[in-house]
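Letter by letter, the sequence shown follows residues -13 to 602 of the working numbering.
Reading through the C-alpha cells given below for one structure.
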Amino acid sequence: MLRIFSRIMVKLGKLNPPDQVRSYQLVKPVRVILISDRYLNQQKGLPRVPVPPLRKTCEGYLSALEPIIEEDEWKRAKQLVEAFMKRGGVGEELQRSLERKACNTDNWTTDLWGKLEYFGNRSPVVINANVPIACPRLDFRDKQGQISETLPAENLGGKPLCMEQYSQLLSTCRIPGLERDSVVFHAKIGNPPKHITVAYNSQFFVVEVYHNDGTPLTVDQLCVQMESICTSTSETNTEPVGILTTLDRDSWSKAYLSMKDQTNKESLSAIERSIFTLCLDRAIPRESDKYVTCDFHLITHGGGSQWNSANRWFDKSLQIIVAEDGSWGLNLIHIVADGTVSMALTDYLVASMKKPEMRQASILPLPMPQKLHFHVTPDIKEIIEQAKRSMDRNIQNFDLSVLVFDHFGKNYLKAHNMSPDAFIQMAIQLAYYRMNKQVCASYEAVSQRMFRRGRVSLLLSTTSVSAAFVKAFDDPQKQNTEKIDLLEKAIKTHKENIKAVIGGHDIVAHIIALRLQAVENKLPMPDIFRDISYKKILNYQFAASQVTSNTGSVGVHQVDENSGYSLCYSVHNSHFIIEMATSNTHKRLNTRHLIQNMKDALLDMRALLEQAPRAT
-13 MLRIFSRIMV
-3 KLGKLNPPDQ
7 VRSYQLVKPV
17 RVILISDRYL
27 NQQKGLPRVP
37 VPPLRKTCEG
47 YLSALEPIIE
57 EDEWKRAKQL
67 VEAFMKRGGV
77 GEELQRSLER
87 KACNTDNWTT
97 DLWGKLEYFG
107 NRSPVVINAN
117 VPIACPRLDF
127 RDKQGQISET
137 LPAENLGGKP
147 LCMEQYSQLL
157 STCRIPGLER
167 DSVVFHAKIG
177 NPPKHITVAY
187 NSQFFVVEVY
197 HNDGTPLTVD
207 QLCVQMESIC
217 TSTSETNTEP
227 VGILTTLDRD
237 SWSKAYLSMK
247 DQTNKESLSA
257 IERSIFTLCL
267 DRAIPRESDK
277 YVTCDFHLIT
287 HGGGSQWNSA
297 NRWFDKSLQI
307 IVAEDGSWGL
317 NLIHIVADGT
327 VSMALTDYLV
337 ASMKKPEMRQ
347 ASILPLPMPQ
357 KLHFHVTPDI
367 KEIIEQAKRS
377 MDRNIQNFDL
387 SVLVFDHFGK
397 NYLKAHNMSP
407 DAFIQMAIQL
417 AYYRMNKQVC
427 ASYEAVSQRM
437 FRRGRVSLLL
447 STTSVSAAFV
457 KAFDDPQKQN
467 TEKIDLLEKA
477 IKTHKENIKA
487 VIGGHDIVAH
497 IIALRLQAVE
507 NKLPMPDIFR
517 DISYKKILNY
527 QFAASQVTSN
537 TGSVGVHQVD
547 ENSGYSLCYS
557 VHNSHFIIEM
567 ATSNTHKRLN
577 TRHLIQNMKD
587 ALLDMRALLE
597 QAPRAT
C-alpha cells in the first residue's frame, strides 16, 4: 500500500508554481514551469469581485425573507429595508464605505468569510471546519498491504477560474491563537520544507523526501522509509499530543502557547512546516449496517481517542489517511481550500496512483525517518485527557448517513430538461417540509472562483417559488400539471440565482458586510440588523453543497453545531451519492430519517414527471 501512496507523494510536487517549490519539486522541473506559466497568466487576468448595487441586494434580501418568516414580520422587514436603502440614508453610507474597502483588497468577500468563519470560529476544526473526503477503498487488508502530469488550469463556461487555492494546499498549517487563528504558508517563505510528517501509533516522524543532492526519493525508497516506521520498536506509551488539535480553538491555543521548551518548539515546527502529513491508521471496528459510513467516520475524525483521533494533526492543510483495511481519504483545512478544489486534488491523486513511475532510483544512502519528541508537563497531560473526553463526546453527537441513490441520475433529468443540481435542492426542501410542515432558511455553497482569490459564497436556496412547490406537492387539490409548473419555476429561479452568485452577487455576504461596516465605523446599528428577520435568515436549517468526484470519492460537509443539517452530494450519470450530517447535541435531528425522506422525495418527483410528461 505504501508503494501506492509513495506515488502520490511524487505526484504532489506538481501542484505548486516553481517560485514556491523550486527547491523541493517532486517532478521534472520543466513540467512544473509550463504549468506555472499558465497558472500565473490566468491569475493576472482575473477580475476583482464587485460590490453589488445596494438596491439589488436589498430587494433580493426581502425576496429571500418572504417564504421563511411570518406575514407581519415580513411587512415590518419591508419597512426597515426601504428605510435602510432610501436616498441619503444609512444604507448608502455603509455601501460607500464597503466600496472604498473593496478597492483596497483583491476580494472583499474572501476577506469577510476569513474574518468571520475561517479564523474567527472557535469551535474544534474536527467535524466543524475541516474538509474530509473518503476515497474508493483499495484492495488490501493487512499491514503488509498498507505499507507496500500536469495540473490543468480550470475554466467554467470558457472563463478562467482562480487557481490560488491549489498553491496553498502544501506546506501550510493553521496556527492556534488566543483570539484568532492564523495560517502560515511555509512554501512561500525562504528555505521551503523538504520533508513530510508521518503519524503512526499517535507518534510523529519526519521523513525527508529529498537526498542531499536535491534529487527526490523514488517510490521504492519511500516505501522503505514507511516500512522502517511501521516496524520500529519505538515506545508506544508516549502521550498522544495530536489529540490536542481536536480541542476547541481557545483551549488548544492556551495549550499550544504553554509548550514553550526547545524540544516542543522543534517538534511543532517540523510538523507545521512539513509538506503534508501521512496518517497510517488502524482499521476501526465495523458494524454490518454501517459499512459505508465507517469510512466517512475514519476520515472525518479518526474513530475516537481509543482509535485514530490522536493519529492526526488536524491543523495541517493536507492529511492523507490510510488504514490497514484499505480505507483511505484526505482531510484538509477549509481555510486554504473549498470542497470543489479539495475534490479536484483528490481526483488528481486517485488518477495518479494508477500511473507507473518512470525514474531510476538514486544510489545515495537514504535519510532515515526521525521520531519527533514532546516534553509533556502535568498540565499538558491533563489537557490531553480533556481533549480525549471532548473528542469522544463530539463523535457521540456526530450523526452521519450516506445514501447511494441509484434509481436515476443526471441523464434522466437532462432528458426532462431539468437541472440535476436544482432538482436535488428541491428534493431536499420537499423532504424537510414533509418532516417539519414548515419552510426553513437554507443555503447552497456556490463557487466564485471566476474572481481573483474567489472562494465559496452562499446562495439562499429557499425562495417563494420553491416554497410554493413543496407546499403544493402533497396537496390533493392540486393537479399534476400545476405541480410540474411550480417545479419548473422553482428550478428556473434556482438556476438564475446560482448564475447571479457566480457572477458576484452574494446577498448574504453583502448584507453581513454592510452590518460590519456599521461596527467598524462605530455607527449606531441600523434597525434592519436588529430585527428578528435578520436572525432568521442566518439561522439556516440545512446547508447543501454539490461536490462531484470523477473517481468515486465522496466529501463530508462541515457541521455547524449551532444549526441544522449539512449535506454534500455528487451527481453522476445514473446515480447520486448523498452524504448528510449534523451535530445532534440536542437529539432533535435525525439524518437517517431525513435522508429516507429525501430518497422518497426524489422518487415521488420522478413519478410526477412520468405521470404528466411534457412535450419536448
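C-beta: ideal position from N, C-alpha, C; glycine also.
Asked	Found
Simplified DSSP state of Ala587, which is helix, strand or coil	helix
Inter-stretch contact at 8 Å, needing at least 3 Cβ pairs: the stretch 182 to 200 / the stretch 326 to 337	no
8 Å Cβ cutoff met for Arg298 and Ala401	no
Contacting residues, own chain, Cβ-Cβ under 6 Å from Leu203 (five flanking each side not counted)	Val195
Best match in Val37, Ile518, Lys367 and Asn576 for proximity to Thr91 [C-alpha to C-alpha]	Val37
Identified DSSP bridge partners for Val184	Phe191 and Leu264
Other residues of its chain near Ser560: CB distance less than 6 Å, five sequence neighbours each side excluded	Gly395
Contact set for Glu430: own chain, Cβ-Cβ below 7 Å, skip 5 residues either direction	Gln411, Leu445, Ser447, Ala530 and Ser531
Three-state secondary structure assigned by DSSP to Lys14	No answer about Lys14 holds up, because its pLDDT of 24 lies below 50 and its placement is not dependable.
Cβ-Cβ distance between Ala495 and Leu51 below 8 Å	no
Cα-Cα separation between Ile319 and Ala115, rounded to whole angstroms	7 Å
Local conformation of Lys64 per DSSP, three classes	helix
Ile326: first and last residue of the uninterrupted alpha helix (DSSP H) it sits in	Position check: residue 326 holds Thr in this sequence, whereas Ile was assumed. Its alpha helix (DSSP H) spans residues Gly325 to Ser338.
Segment contact, 8 Å Cβ cut-off, at least three pairs: the stretch 285 to 301 with the stretch 254 to 270	yes
Exposure label - Ala587; buried when at least 16 CB within 10 Å	buried
Ranges of the beta strand (DSSP E) found wholly within the stretch 421 to 473, counting only runs of at least 3	428 to 433 and 442 to 446
Distance between Ser214 and Gly228 (C-alpha atoms, nearest Å)	21 Å
Closest residue to Val505 among Asp206, Ser218, Ala296 and Leu80 (Cα-Cα distance)	Leu80
Per-residue burial, Glu56 [other beta carbons within 10 Å of its own, 16 or more giving buried]	exposed
Alpha-carbon spacing of Lys72 relative to Cys44, whole angstroms	11 Å
Assigned exposure category for Met591 - 16 Cβ within 10 Å defines buried	buried
Opening and closing residue of the beta strand (DSSP E) in which Val117 lies	Val117 to Cys121
Those residues which DSSP pairs with Lys357 across a bridge	Phe191
Length at least 4, wholly inside the stretch 365 to 431: the alpha helix (DSSP H) runs in chain order	396 to 401 and 406 to 422
Residue from Gly315, Cys280, Pro39 and Lys340 whose Cα sits closest to the Cα of Ser539	Gly315
Touching by the beta-carbon criterion (3+ pairs, under 8 Å), the stretch 463 to 475 and the stretch 353 to 365	no
Paired residues, beta bridge with Trp299 - DSSP	For Trp299, which the question treats as bridged, DSSP gives no partner whatsoever.
Classification of Asn608 by the beta-carbon crowding that lies within 10 angstroms, buried from 16 upward	This structure cannot speak to residue 608, because the chain is shown only from -13 to 602.
Rounded straight-line distance, which links the Cα of Met212 to that of Asn294	18 Å
Residues near Gln356 by beta carbon distance below 6 Å, same chain, minus five either side	Val192
Proximity winner among His172, Leu502, Val117 and Arg259, relative to Arg82 (alpha-carbon distances)	Leu502
Limits of the unbroken alpha helix (DSSP H) element including Trp293	No alpha helix (DSSP H) holds Trp293; DSSP gives it neither H nor E.
Proximity of Ile414 and Phe515 at Cβ, strictly below 8 Å	no
Beta-bridge partners of Gly315, as assigned by DSSP	Ala120 and Ile307
For Glu165, the three-state DSSP class (helix, strand or coil)	coil
Counterpart residues of Ile563 in DSSP-defined beta bridges	Val390 and Ser556
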